[in-house]
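Below is one structure, written out as structure tokens, with a few remarks after it.
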Amino acid sequence: MSVIAVGPAAAIAGAGYRRWATYRQAAIAGVFVNTVFGVIKLSILLGIADSAGGTVAGYDAASLSTYAWVSQGLIAVVMIFIWTELSDRVRTGDIAVDLARPVDLQLSWLAADIGRAAWAMLSRAVVPIVFGAIFFGFHWPTDPTAIVLLPVSILLAVCVSFACRFMVNLTAFWLTEVRGLVLLYVLVSGVLGGHLVPVQLFPDWLQAAAYVTPFPAMIQFPINLVTGQATGLRAVAEVAAQVAWAAGLLLLGRLVLSRATRKLVVQGG
Amino acid sequence: MQAYHALVRSRVAAQASYRASFGIELGTQVLLVLIEFVEVYVVFHQVDSLGGFDFAEVAVMYGLSAVGFGMADMVVGHVDRLPFYVRTGTFDAFLLRPLSALGQLVTSDFSLRRLGRIGSGVVVLVIALAAADIDWTPARALLVLVTPVAGGIIFGAVFVATCTIGFHVVEGMEFANALTYGGNYLSSFPFTIFGTFIRRFFTFVVPAAFVAYLPTLALLGRSDPAGLPTWLSWSALPVSLLAAAAAWWIWRLGLRHYVGAGS
Amino acid sequence: MIIEVTDLRREFVVRRRAGRLRRTRDVVAAVDGVTFGIAPGECVGYIGANGAGKSTTIKMLTGILVPTSGTVRVCGLEPVRERTTLARRIGVVFGQRSQLWWDLPLRDSFRLLGAIHRLPVSMWQPRLDECVQLLEMEPFLDTPVRQLSLGQRMRGEVTAALLHSPELLVLDEPTIGLDLLSKERLRAFLVRERAERGTTVLLTTHDLPDIERLCDRILVVDHGRVAFDGDLPGLVARVGAERVLVVDLAEPGPPLTDVPGTTLRAVEADGLRQHLAFRKEDTTAAAVVAAVSARVELRDLAVHEPAIEDVVRRLYLE
Numbered sequence: 001m002s003v004i005a006v007g008p009a010a011a012i013a014g015a016g017y018r019r020w021a022t023y024r025q026a027a028i029a030g031v032f033v034n035t036v037f038g039v040i041k042l043s044i045l046l047g048i049a050d051s052a053g054g055t056v057a058g059y060d061a062a063s064l065s066t067y068a069w070v071s072q073g074l075i076a077v078v079m080i081f082i083w084t085e086l087s088d089r090v091r092t093g094d095i096a097v098d099l100a101r102p103v104d105l106q107l108s109w110l111a112a113d114i115g116r117a118a119w120a121m122l123s124r125a126v127v128p129i130v131f132g133a134i135f136f137g138f139h140w141p142t143d144p145t146a147i148v149l150l151p152v153s154i155l156l157a158v159c160v161s162f163a164c165r166f167m168v169n170l171t172a173f174w175l176t177e178v179r180g181l182v183l184l185y186v187l188v189s190g191v192l193g194g195h196l197v198p199v200q201l202f203p204d205w206l207q208a209a210a211y212v213t214p215f216p217a218m219i220q221f222p223i224n225l226v227t228g229q230a231t232g233l234r235a236v237a238e239v240a241a242q243v244a245w246a247a248g249l250l251l252l253g254r255l256v257l258s259r260a261t262r263k264l265v266v267q268g269g
Numbered sequence: 001m002q003a004y005h006a007l008v009r010s011r012v013a014a015q016a017s018y019r020a021s022f023g024i025e026l027g028t029q030v031l032l033v034l035i036e037f038v039e040v041y042v043v044f045h046q047v048d049s050l051g052g053f054d055f056a057e058v059a060v061m062y063g064l065s066a067v068g069f070g071m072a073d074m075v076v077g078h079v080d081r082l083p084f085y086v087r088t089g090t091f092d093a094f095l096l097r098p099l100s101a102l103g104q105l106v107t108s109d110f111s112l113r114r115l116g117r118i119g120s121g122v123v124v125l126v127i128a129l130a131a132a133d134i135d136w137t138p139a140r141a142l143l144v145l146v147t148p149v150a151g152g153i154i155f156g157a158v159f160v161a162t163c164t165i166g167f168h169v170v171e172g173m174e175f176a177n178a179l180t181y182g183g184n185y186l187s188s189f190p191f192t193i194f195g196t197f198i199r200r201f202f203t204f205v206v207p208a209a210f211v212a213y214l215p216t217l218a219l220l221g222r223s224d225p226a227g228l229p230t231w232l233s234w235s236a237l238p239v240s241l242l243a244a245a246a247a248w249w250i251w252r253l254g255l256r257h258y259v260g261a262g263s
Numbered sequence: 001m002i003i004e005v006t007d008l009r010r011e012f013v014v015r016r017r018a019g020r021l022r023r024t025r026d027v028v029a030a031v032d033g034v035t036f037g038i039a040p041g042e043c044v045g046y047i048g049a050n051g052a053g054k055s056t057t058i059k060m061l062t063g064i065l066v067p068t069s070g071t072v073r074v075c076g077l078e079p080v081r082e083r084t085t086l087a088r089r090i091g092v093v094f095g096q097r098s099q100l101w102w103d104l105p106l107r108d109s110f111r112l113l114g115a116i117h118r119l120p121v122s123m124w125q126p127r128l129d130e131c132v133q134l135l136e137m138e139p140f141l142d143t144p145v146r147q148l149s150l151g152q153r154m155r156g157e158v159t160a161a162l163l164h165s166p167e168l169l170v171l172d173e174p175t176i177g178l179d180l181l182s183k184e185r186l187r188a189f190l191v192r193e194r195a196e197r198g199t200t201v202l203l204t205t206h207d208l209p210d211i212e213r214l215c216d217r218i219l220v221v222d223h224g225r226v227a228f229d230g231d232l233p234g235l236v237a238r239v240g241a242e243r244v245l246v247v248d249l250a251e252p253g254p255p256l257t258d259v260p261g262t263t264l265r266a267v268e269a270d271g272l273r274q275h276l277a278f279r280k281e282d283t284t285a286a287a288v289v290a291a292v293s294a295r296v297e298l299r300d301l302a303v304h305e306p307a308i309e310d311v312v313r314r315l316y317l318e
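Which chain is which? The protein sequence lines are C, X and Y, in order. Counting with the numbering used here, you get residues 1 to 269 for the letters of the first sequence. Counting with the numbering used here, you get residues 1 to 263 for the letters of the second sequence. Counting with the numbering used here, you get residues 1 to 318 for the letters of the third sequence.
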């Protein structure tokens, strides 16, 4: 286990930022798609609220709008899409190059991912949120604890998401075709994480199932800070849960990685 | 025609040969439909009606949309590979053969695994149709069979029309997702929940309303609260053919641009 | 005339960054007024440096690109407008792009093409068998195309292009990247094809030996215009192209300035390696080698052919 110096980490994060910043057209297209999906999602939720008499599970129209736009903005940041960069490198064998580098594999990929997330924050999250705030109403967070914890929460959400994606991608060492598994992961993590519908709206048994997984920590918890569903002590508790998930999953990821590299060395991948 | 048949057959054979991974992909597609249905389920856990429609009725819409989209995805979904084919020169190879370029693009793949999506969509649809309060007539029974086909043609047309963006703007293919996957998403729900602009756009520009919502109105014998005439609810098939014609025309425009502007 | 090209022009708009924010539009003429005709049965080499406009012309001939101005007729047809009709009558081979199905066995590609060209099996099977035999493709007919070596793939591409017995065969850099044996085999096959069927051949290449072996006529294109239209001896005579014999001596020797018919171009490593340039009409490589061996002991030698770029450059230096 090597100690990661700030210098290389920042450099890698910066490179991750720049790489994604070059795909300008793709970013514009992505914002457009996000916005369309945001409108559809919100319409469904408002339809529910309408039938329920105005509020549902503690959400009113403004906070539903907030949920819809923040969740749409967040999915690019937290990467709730198919992500197979690591598994692609495993499949082609290029992973050997990464393992030979004098930087910690997991942490360097994490740094790069944070760089990517930072760019996504600017390019894909800001516009849908502004759009939603102007046309659909928005609930700006007022609780001081929530406001302070929000950036921390988003960073942790990225870490949790990365840790999960990291492990899912590593299955490429054992499975020949990871695409199906990755797609399944995206779907399940999205649904249970509260990407389609807020977790608070789930039936009790499904909520329980969701909280057993790290997925709400990726999506729902940061959103809760904005919508006001989590304030004060609850906000602290949820962020603490994120810390626990992030640390635990990253450690687990290192374990999986060490088994994977052992397999690579012993069997030749 | 026989040539296209041969092309598709070779793709199917290639896919079916990868037994294990095909099985996994098929299974994933089945789960896909069911997992996304969770959203509908959650909605009706909270309330009894959405936009004036109950669980079974919305489930009918969801089912119709899933089957229609699944069929389009299976036959035509891969046309978004167009930018890749252009970049690698494969598209030029299409132009050198005595076949239509669009025909070759469409038959360049055949996603057999989408059968999973279609299958589970059918299951949801059948159950929903049984549970919903429908006054069955021969006309309505026919409509149930025709609608997914029309839905497939409509989504197919959207796939083709949007892939032509790849002729003009390589990085812009994601725009297409807003109309294809966005269209699939919203066509699974009653249009009464959407704002005027969205409703009009996805009825008259991209006819997603004809995939599930309007046909469901016809099945239920209800009229559109937004005021669209009843006969329109029965017009999914002719509308789909119009959409196909429009998509064909857009493709011709894109192809002419490609050949004229060069690469 | 099987190919008729009159005043053909093709312009491209190139967007470049000028400074940090602005972008300029430049109009570049890749093909700038090309006129020629090719009669049935001819074999014409179309040569020029990179960027001279060869591939663009080929694209306009085969219907992939529309001319900005001028006319082009292939087999009497307008390539872009009558694309599918033309595709039945010509065969095209791109050296750097494949027309075969990447993940299928080679055999299946041929079968698919037979179906696409609506040929009855009785027509294309004998044709295929003949090509397979001549090009020795039997060992890898069942290998997926993506696993074939370049030489194997090119044999497959040429066969694919000839399966429907086209009147015209267009090849864009078919020998690029191939080893000597593969090149020679391909050339021999094309020579035989022409002799037996009278197929017209248009070939773009960087390789002068391709031209020597196959073509009766050469079109040299430079900066989008035809710079020369004639035969190879004519071109060499006009340009005075030189071959270079590079000799490695057994031990360092004095500069070989007096070998008849040659000019000493360079001396390396104290005379251990020397470059002797000579012209085809003055002497042969064999004669030069003999003359050099008579003077010193040779350890090794190599013959460098004149590069297309040199030939073309010389064409403009006069």
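Glycine residues also receive a C-beta, built at the ideal position from the N, C-alpha and C atoms.
List the endpoints of the continuous beta strand (DSSP E) containing residue i.
i	result
residue 45 of chain Y	43-47
residue 230 of chain C	Segment: none, residue 230 of chain C is in no beta strand (DSSP E) and carries neither H nor E.
residue 218 of chain Y	217-222
residue 69 of chain Y	69-74
residue 277 of chain Y	273-279
residue 299 of chain Y	298-304
residue 242 of chain Y	242-249
In the DSSP assignment, find the alpha helix (DSSP H) that holds residue i and state where it starts and stops.
i	result
residue 168 of chain X	165-168
residue 227 of chain Y	That residue, residue 227 of chain Y, is in no alpha helix (DSSP H); its beta strand (DSSP E) goes 225-230.
residue 65 of chain X	55-76
residue 90 of chain Y	Element bounds for residue 90 of chain Y: not the alpha helix (DSSP H) but the beta strand (DSSP E), 90-94.
residue 190 of chain Y	180-197
residue 85 of chain C	85-92
residue 265 of chain Y	No alpha helix (DSSP H) holds residue 265 of chain Y; the beta strand (DSSP E) holding it covers 262-268.
residue 204 of chain C	204-212
So, does the CB of residue i fall closer than 7 Å to a CB anywhere in chain A?
i	result
residue 121 of chain X	The chain labelled as chain A is not found among the protein chains of the depicted structure, namely C, X and Y.
Of the residues the options, which one's Cα is nearest the Cα of residue i?
i	options	result
residue 156 of chain Y	Y:92, Y:7 and Y:119	Y:92
residue 241 of chain Y	Y:262, Y:134 and Y:42	Y:262
residue 95 of chain X	Y:90, Y:110, Y:253 and Y:64	Y:64
residue 39 of chain Y	Y:27, Y:198 and Y:50	Y:198
residue 77 of chain Y	Y:62, Y:296 and Y:12	Y:62
residue 133 of chain C	C:228, C:67 and C:117	C:67
residue 104 of chain C	C:64, C:12 and C:44	C:12
residue 30 of chain C	X:171, X:212 and X:219	X:171
residue 90 of chain Y	Y:33, Y:100 and Y:75	Y:75
residue 169 of chain C	C:230, C:109, C:216 and C:192	C:109
Could you give the C-beta distance for residue i and residue j, rounded to a whole number, given that I count them as a contact under 8 Å?
i	j	result
residue 163 of chain Y	residue 117 of chain Y	7 Å
residue 226 of chain C	residue 80 of chain C	The pair is not a contact, with the Cβ atoms about 17 Å apart (cut-off 8 Å).
residue 111 of chain X	residue 74 of chain X	5 Å
residue 103 of chain Y	residue 146 of chain Y	6 Å
residue 61 of chain X	residue 192 of chain X	Incorrect: roughly 11 Å between the Cβ atoms, too far for contact.
Query - Residues within the segment 131-165 of chain Y neighbouring chain X, beta-carbon criterion of under 8 Å - result: Per Cβ criterion, the list is empty.
Query raised in the report: Which of the residues in the segment 57-68 of chain Y, read from start to end, lie with their CB under 8 Å from any CB of chain X?
Result: From the segment 57-68 of chain Y, only 59, 62, 63, 64, 65 and 66 have a Cβ closer than 8 Å to chain X.
Query raised in the report: Using a Cβ cut-off of 7 Å, which residues of the segment 188-205 of chain Y contact any Cβ in chain X, in chain order?
Result: Interface annotation for the segment 188-205 of chain Y against chain X: empty, criterion Cβ-Cβ distance under 7 Å.
Requested in this report: May I ask you to list, following chain order, the residues of the segment 221-233 of chain X that have a beta carbon less than 7 Å from some beta carbon of chain Y?
Outcome: Cβ contacts with chain Y: none found.
Query raised in the report: Just by C-beta distance, which residues in the segment 68-97 of chain X are closer than 8 Å to chain Y?
Result: If the cut-off is 8 Å between Cβ atoms, the segment 68-97 of chain X has 88, 89, 90, 92, 93, 95, 96 and 97 near chain Y.
Query raised in the report: Below 8 Å, can you find three or more Cβ-Cβ pairs linking the segment 188-208 of chain C to the segment 100-117 of chain C?
Result: Judged by Cβ distances under 8 Å, the segment 188-208 of chain C makes no contact with the segment 100-117 of chain C, as fewer than three pairs qualify.
Query raised in the report: Between the segment 44-61 of chain Y and the segment 199-208 of chain Y, are three or more C-beta pairs nearer than 8 Å?
Result: Contact between the segment 44-61 of chain Y and the segment 199-208 of chain Y is present, because at least three Cβ pairs lie under 8 Å.
Query raised in the report: Between the segment 199-206 of chain X and the segment 51-62 of chain X, do at least 3 Cβ pairs fall closer than 8 Å?
Result: Flag = no, the segment 199-206 of chain X and the segment 51-62 of chain X do not touch.
Query - Contact between the segment 173-181 of chain Y and the segment 85-104 of chain Y (3+ Cβ pairs under 8 Å) - result: Verdict: yes, contact present.
Query - Near-chain X residues of the segment 211-233 of chain Y (beta-carbon distance less than 8 Å), N- to C-terminal order - result: Per Cβ criterion, the list is empty.
Requested in this report: Please name the residues in the segment 21-40 of chain C whose beta-carbon is closer than 7 Å to at least one beta-carbon of chain X, in chain order.
Outcome: Listed by position, the residues of the segment 21-40 of chain C near chain X (Cβ gap below 7 Å) are 23, 25, 26, 29, 30, 32, 33, 36, 37, 39 and 40.
**Report entry** Residues in the segment 209-230 of chain C having any Cβ partner in chain X nearer than 9 Å
**Finding:** Within the segment 209-230 of chain C, no residue qualifies.
**Report entry** Stretch pair the segment 54-74 of chain C + the segment 226-236 of chain C: three plus CB contacts closer than 8 Å
**Finding:** Remark: three or more beta-carbon pairs, one from each stretch, lie closer than 8 Å, so the segment 54-74 of chain C and the segment 226-236 of chain C are flagged as touching.
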